[in-house]
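With the numbering used here, letter number 347 in the first sequence gets 347, and the count goes up by one each step, no holes. All C-beta atoms, glycine included, are put in the ideal place defined by N, C-alpha and C. Here is the structure we will look at.
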Amino acid sequence: MDTSCIDESTTSDSVSMTPISVASTLPVTKSPESLCRVGSGTSVIIDAEVGVEAESRKLPSSRFKGVVPQPNGRWGAQIYEKHQRVWLGTFNEEEEAARAYDIAAQRFRGRDAVTNFKPLSESEEDDVETAFLNSRSKAEIVDMLRKHTYSDELEQGRKNYGLLDGSGRRFTNKDGVFSSFGGSDRAAKAREQLFEKAVTPSDVGKLNRLVIPKQHAEKNFPLQSGNNSKGLLLNFEDLGGKVWRFRYSYWNSSQSYVLTKGWSRFVKEKNLKAGDIVSFQRSTGPDNQLYIDWKPRNGSNITQPIPMVRLFGVNIFEVPSNESCSSGKRIREMELLALECSKKQRVIDAL
DNA sequence: CTATGTGTTGAG
DNA sequence: TCAACACATAGG
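Rendered as structure tokens:
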């Protein structure tokens, strides 16, 4: 096997090293590749070192956080916690190691952890991955990283994720196979109450928006003026695990904070009426998962009213119409079938 | 035997 | 907390 990887540090003198893999867009990490490339440890004042003769046994340091070179040219990933190093495995590509670190960082330190790439996905299916991450213990995640099975496991988890019925309850098939992300580290379920609001007629009316009392908005959902003039997307999980995405922004005209896009859908599905209470919570764990719930006005009617029997032509569940692989198609169908059934069941329950 | 990942240190 | 370095030893 070619153990030739060592020479890299000698090839192109001081200015930058050989960029192994593209690692094209580095959103978070600045690329200080320019200088600051002082071999390592030993005072190697480069310019004079031109001789390069002495194959400096120095390993090339990584430009990624949490990534360390291995003697054999591969890359190790590690993260620290409580004064101790947690080894995340070794990888052929520097970037792989960086990704491993990112994943561990998210699991160990939460959504706001400093990472190498992670924020790329931003608001895509990031939700699912977060849910997946927090459904597994740190040890499990580390194990997956070391075995290079994280991607597969995540994909496995994705398949189960969509199995919710119309009311958000977990759908369980007769095999009792999955309860979605039923991890062992479930203790992180704790959530804190943020605030409640009795919705006004306009909150459930045609304006398609919910006004969030200023004090609560500024305290719980800080919004940098100017920075997010267009607002930002917030994800809330309801009682059954269904995720609702609302646009959150500040309206200068009315000097108020509002949830706009997505809100009317919530009102419709939950059949919210003026006076009902919407409640917001946040996970107390490392993940800042937000939750939304609601309850009828003065405990009038316990049963959740159903909007009309509209089983046909109903808009059940937004299927993101992503042209996934053919195998995924069948799964989609099954999901829809399951959803359809539970939807009907729900109506029956209500009668 | 090789590659992994731990022991350890010093810088930040 | 972090990476650099040395090297014991896990593993084939």
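With a threshold of 16 other CB atoms inside 10 Å of the CB of residue i, please say whether the residue is buried or exposed.
i           : result
residue 253 : exposed
residue 248 : buried
residue 152 : exposed
residue 94  : buried
residue 118 : buried
residue 96  : buried
residue 100 : buried
residue 222 : exposed
residue 69  : buried
residue 371 : Missing from the structure shown is residue 371; the chain here goes from 1 to 351 and no further.
residue 87  : exposed
residue 81  : exposed
residue 60  : buried
residue 134 : buried
So what does DSSP say about residue i, is it helix, strand or coil?
i           : result
residue 69  : strand
residue 158 : helix
residue 129 : helix
residue 266 : helix
residue 289 : coil
residue 81  : strand
residue 237 : strand
residue 99  : helix
residue 206 : coil
residue 192 : strand
residue 107 : helix
residue 278 : strand
residue 243 : strand
residue 217 : helix
residue 118 : helix
residue 61  : coil
Roughly how many whole angstroms lie between the Cα atoms of residue i and residue j?
i           : j           : result
residue 112 : residue 106 : 7 Å
residue 129 : residue 150 : 11 Å
residue 280 : residue 110 : 20 Å
residue 148 : residue 243 : 29 Å
residue 145 : residue 63  : 20 Å
residue 138 : residue 206 : 46 Å
residue 292 : residue 267 : 12 Å
residue 98  : residue 66  : 7 Å
residue 271 : residue 92  : 53 Å
residue 269 : residue 114 : 37 Å
residue 132 : residue 191 : 17 Å
residue 251 : residue 282 : 24 Å
residue 217 : residue 201 : 20 Å
residue 158 : residue 141 : 16 Å
residue 90  : residue 75  : 5 Å
For the ligand ADP, I want to know if residue i counts as a neighbour, meaning its beta carbon is within less than 7 Å of at least one of the ligand's heavy atoms.
i           : result
residue 238 : Only the bare structure without any ligand can be found here, which leaves the ligand ADP out of the picture.
**Report entry** Sufficient close CB pairs (3 or more, under 8 Å) joining the stretch 191 to 200 to the stretch 237 to 251
**Finding:** no
Query raised in the report: At a cut of 8 Å, does the stretch 254 to 261 reach the stretch 270 to 280 through at least three beta carbon pairs?
Result: no
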